Every structure is written in C-alpha cells, then in structure tokens.
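Engineer: Numbering (my numbering), first residue to last: 31 to 511.
For each residue, glycine too, the CB sits at the ideal point set by N, CA and C.
It should be emphasised that the depicted structure is a prediction, and the values quoted were computed from it without experimental measurement.
One structure follows; several queries about it will come next.
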Ligand code: NAP
C-alpha cells in the first residue's frame, strides 16, 4: 500500500551524537529508514562529541538507544548490525581547532553531505567556523539546525547571519519536528485537496480556532534552559506558530517550499499586536504528589511561565473576525496536541430547540493518537422521534489505510529524508523565523513592561482559571484528555 522511495546515497555528520536528542530521535529515525530501505545501503554516519570512545563503543551506545526507542522486530537484528557498521565516531571538541583534519577527510566527494547540529546553540557559531576553515562546506551540502533558533529577534538575526556567512538559504534546514507529523501534513491535504472545506475556511463560517499543546511532564531535567525560555519562547514561537500558520495560510499556488513558506510568512506578518488582556500566564504549583515548578527548577523564585494562553487575531480579509486561541503548558492533566477548528452554529434550527444547534468541530489531533475527527450532529438512532446527538466522524487513516500507516514514519524520519532530498517545504525560512520572533518579542514585552507574575495552577490540572476567562462569548476550551 505505501511506497518507499529511497533517498540517494549520503554521508551525515551528526554533531552531538551522544546527546539526548540524537539517541532518542535521530539515530532511531535513521535506523527505521534503513530498515525499510528508504535510507540506502550506501549511507554513512559520523558521530561527533567530546567524550572519548572508539567506533565500537559508539556503535554499542547507538544499539542501546535504537533498541530502547523501538524494539527491533524479528529478523531486524541483522539489519541493525548492518546499520551499525555504517557508523563511525570522531571524538572532538567542536569549538576547538584540534581533530578536524580527520573529520574533514571523511566525507565522500560524490555523495550528498549533511551536517546535523544536535548541540546547544552556544556552539553553533564555532562549529560553522570550523567547517568553513576546514573546507568542509560544499555547494551541495546541507546543514540542519535544531531549535531553539535564538531567544529573541536580535539573537535569531545573528544566528541567521552566521549561517548565511557559510551557506545559501537553500542549504539550511531549520527543523521543527511538529511539521513532520503525518496529521500536520494531512491538515494541508484536507484543506487543499478537497472541495468541502475551502469555501468554509474563513471568518464567515469559522467561529474560532483553538490550538493546544499540553504536556503532562514538568520541567525537571531541562530546568536551566526552560527557566530562561518559558512557554512562549519554548513552544509558542515555533510549534504553535507553525500550526497557526498552516491553519490560517492562503492556498499556495503549488505545494513547493517557497510557495508554502511565502504564505506562512504572510500569516505571521498579519498577526495583530497583542495587549496584556489577551495573555494568561501560569506556573504550576505542587499538587497530587507532584512537585511545584519552583521545586523542579531548584529555585525559590521565578517569573517564568510554564503555561501560556493567548487570544490572537489575524488582521486580514479571511480571518479578521475569527479569534485564534493558543494554549500550551507543562504539568497539565494529560499530554495532548490538537488543532480544533470550531465552525459557527446554524442561524436557525428546524428541529425546534435553539440549544440543539451545535458547532461542527474539525479536530486535528497530533498526539498522542494522531487522527482527524469532524464533530457532526445526527439523528439519534432508533424509534422515539427526531432527537439529535453529536458524533465524531472519524477520519483517522489507520482504519481505512491499515494499522501500519499510523506508525510507518515518524516526524524525524520524514524530515531527515526531506533534508537528503533537498526539500525545504517543511522547514522554516530565515524571514519566517525572524517574523515569528518579532511578534513573540512584542508579546513578551506586554508582560515584562507590566511586571505581572504568572498565576499558580495545580500540577495535573487544565491550567490557571484565568485561561477560561480568555474564552469570551461563551466559548470553551476543549477538554484536555
Ligand atoms: P544534550 O543531551 O546535552 O547533548 C548535547 C550533545 O552535544 C552531546 O553529545 C555532547 O557530548 C555534545 N557536545 C556538547 N558540546 C560539544 C562540543 N563542544 N563539541 C562536540 N560535541 C559537544 O542535548 P540534547 O537534548 O541532545 O539537545 C541537542 C540540541 O537539540 C539542543 O540545541 C536542544 O535545544 C535541541 N533539542 C533537543 C530536544 C530534546 O528532546 N532533547 C528537542 C528539541 C530540540 P559531549 O558532552 O561528550 O561533548
């Protein structure tokens, strides 16, 4: 049913190859690609980190990481060993000058070369300088950069400047793994490949849009980074903003990288300036046996938000009167990411009671169970007259396309394959990132000028009570479950 199109042979240099992201996501994604033959036999990976270890020790670490991410299926053991033989390890401090000669001699000149920076942003600049000084930057190579891409507009501009000093924009892949999710791409397919939705996709028919990215975990383990960033920089500026763009953008003329990114950029530029009454910030307090944000952060005082809800408006002809509500937080009731497009109610019910008019809701769920549902009103089956009930029309692909579809590729796998193919559609462009930071800085300025503090909410709840008040005109947040 699904077709594997192998990517061309390639070499990839993974900086930060022993780190959390590499072990949990990147290496398992490459192995999955290899095991379904999307990654060709003629691929090689060079892992780079400072820790001293041999190729074999690195392979053992990768074997453990891949096994704990996804237990290899029967018969995959041999494939895993074959995959591991493609890996080498180069111990070096990427910020220093020593050890680069050996790495510089490693790439094959006739194969696609990719640098993947899975390291903290503080070392990006020195790695790029070293790549340049060791003549490793070729016109056909690609570079992948992880988030966070800066912490405000000036720092993101500086980072873009550093990248532009060595690479063309067409070589730079700023990764946001949300864009690699199957359902996120399905959101585009649903909108732009069906006649049903586009005529309704505007302020006349859409009452409001809600985007929720809720996490049940706290900040422990990432507290240093998180306390400096907060939910606005960590989640809204990138993941939620990207989802908002995909819902709100105009249809691009073609499904091509720059056509899609031009439309997303227009949405970000059309976002109206925010005021503090459109923003609710929260911080989790201890509850139900869970520690507070301050305890998790090992501090006694912090004004950082672990929850943020925003009421945004897009100043254009399509969305002028439709609010977009965004919400994200840590230590909430459940892990759930969802985009919900809430349609307006009918002006009149032929069935009598006014309260029988319900909103149709198109809910695109990204996690935990990827799928799309459309909430519709139907007649309650059976005798007893015309009674109406609401049911979800399930558009999950697993049922119609087979259960393996849901698990066939994960976001990192898809995005890395796109990098090798040179397809930038699902990656953020420099101007998009900068426009997103410009807006984010304006939002942050609203509360920093005011000196307001986040409201405490109970760990394991649905967030601070003030978030409900943000939903005016009787609107309600979708239940986090
Ligand atoms: P991490 O666990 O701290 O790993 C950092 C890696 O970089 C390690 O392999 C480390 O190994 C290596 N490293 C650090 N300094 C180095 C240097 N000077 N030269 C060579 N190697 C060096 O970090 P991570 O969680 O994997 O995150 C990596 C990047 O991805 C960060 O930018 C992070 O923000 C981003 N990210 C992470 C996640 C996630 O879920 N973890 C999600 C999204 C984005 P040595 O110490 O041995 O050098």
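1) Give a yes or no on whether the C-beta atoms belonging to residue 47 and residue 69 are separated by under 8 angstroms.
2) Only counting the same chain, and skipping five residues up and downstream in sequence, which positions put a Cβ closer than 6 angstroms to that of residue 395?
3) Starting from residue 271, trace the alpha helix (DSSP H) both ways and give me its first and last residue.
4) With residue 473 and residue 271 assumed to form a contact (beta carbons below 8 angstroms), what rounded beta-carbon distance in angstroms separates them?
5) Okay, do the segment 484-503 and the segment 218-232 touch, 3+ Cβ pairs below 8 angstroms being the bar?
6) Would you check if the distance between the CB atom of residue 456 and the CB atom of residue 180 is smaller than 8 angstroms?
7) Fully enclosed by the segment 121-202, which beta strand (DSSP E) runs are 3 residues long or longer?
8) Three or more beta-carbon pairs under 8 angstroms between the segment 316-335 and the segment 290-308, yes or no?
9) CB of residue 50 to nearest heavy atom of the ligand NAP: below 7 angstroms?
10) So is the beta-carbon of residue 84 under 7 angstroms away from any non-hydrogen atom of the ligand NAP?
11) What runs of the beta strand (DSSP E), each 3 residues or longer, lie entirely inside the segment 465-504?
12) Which residue from 190, 106, 283 and 450 puts its Cα closest to that of residue 62?
13) Are at least three pairs of beta-carbons, each pair with one atom in the segment 32-51 and one in the segment 141-156, less than 8 angstroms apart?
14) Could you round the C-beta distance between residue 120 and residue 133 to whole angstroms and report it? I think they count as a contact, below 8 angstroms.
15) Measuring alpha carbon to alpha carbon, tell me which of 335, 53, 166 and 202 ends up nearest residue 259.
16) Whose CA, out of 505, 447 and 60, lies closest to the CA of residue 203?
17) Do residue 360 and residue 268 have their beta-carbon atoms positioned less than 8 angstroms apart in this structure?
18) For residue 252, which three-state DSSP category applies?
19) Rounded to the nearest angstrom, what separates residue 478 and residue 162 at their Cα positions?
20) Say yes only if the C-beta of residue 358 is nearer than 7 angstroms to one or more non-hydrogen atoms of the ligand NAP, and no if none qualify.
21) Give the single residue among 475, 219 and 497 whose Cα lies nearest to the Cα of residue 485.
22) Alpha carbon to alpha carbon, how far is residue 294 from residue 273? Give it in angstroms, no decimals.
23) Am I right that residue 517 and residue 356 are in contact with their C-beta atoms under 8 angstroms? What's the rounded C-beta distance?
24) Between which two residues does the beta strand (DSSP E) containing residue 337 stretch?
25) Among 157, 156 and 194, which one has its Cα closest to the Cα of residue 169?
26) May I ask you to check if the CB of residue 170 is nearer than 7 angstroms to at least one heavy atom of the ligand NAP?
27) Is residue 257 near the ligand NAP, going by C-beta to nearest heavy atom under 7 angstroms?
28) Buried or exposed for residue 341, going by 16 or more other Cβ atoms inside 10 Å?
29) Which residues share a DSSP beta bridge with residue 312?
30) Between 208, 33, 196 and 96, which lies nearest to residue 52 when the distance is taken from Cα to Cα?
31) When burial is assigned at 16 or more other CB atoms within 10 Å of the CB, is residue 390 buried or exposed?
32) To the nearest angstrom, how far is it from the Cα of residue 352 to the Cα of residue 406?
33) Counting Cβ pairs, one atom from each stretch, are 3 or more of them under 8 angstroms apart for the segment 185-194 and the segment 212-220?
34) In angstroms with no decimal places, state the Cα-to-Cα distance between residue 234 and residue 502.
35) Give the single residue among 299, 349 and 337 whose Cα lies nearest to the Cα of residue 236.
36) Within the present structure, is the beta-carbon of residue 153 separated from the nearest heavy atom of the ligand NAP by less than 7 angstroms?
Structural biologist: On the basis of the data shown:
1) no
2) 368 and 401
3) 271-278
4) Their Cβ separation, rounded to whole angstroms, is 11 angstroms, which puts residue 473 and residue 271 out of contact at 8 angstroms.
5) no
6) no
7) 142-147 and 172-175
8) no
9) yes
10) no
11) 485-488
12) 106
13) yes
14) 5 angstroms
15) 335
16) 447
17) no
18) coil
19) 40 angstroms
20) no
21) 497
22) 10 angstroms
23) The displayed coordinates of the chain run from 31 to 511. Any statement about residue 517 would go beyond what the structure contains.
24) 337-342
25) 194
26) no
27) no
28) buried
29) 337 and 485
30) 96
31) buried
32) 21 angstroms
33) no
34) 18 angstroms
35) 349
36) yes
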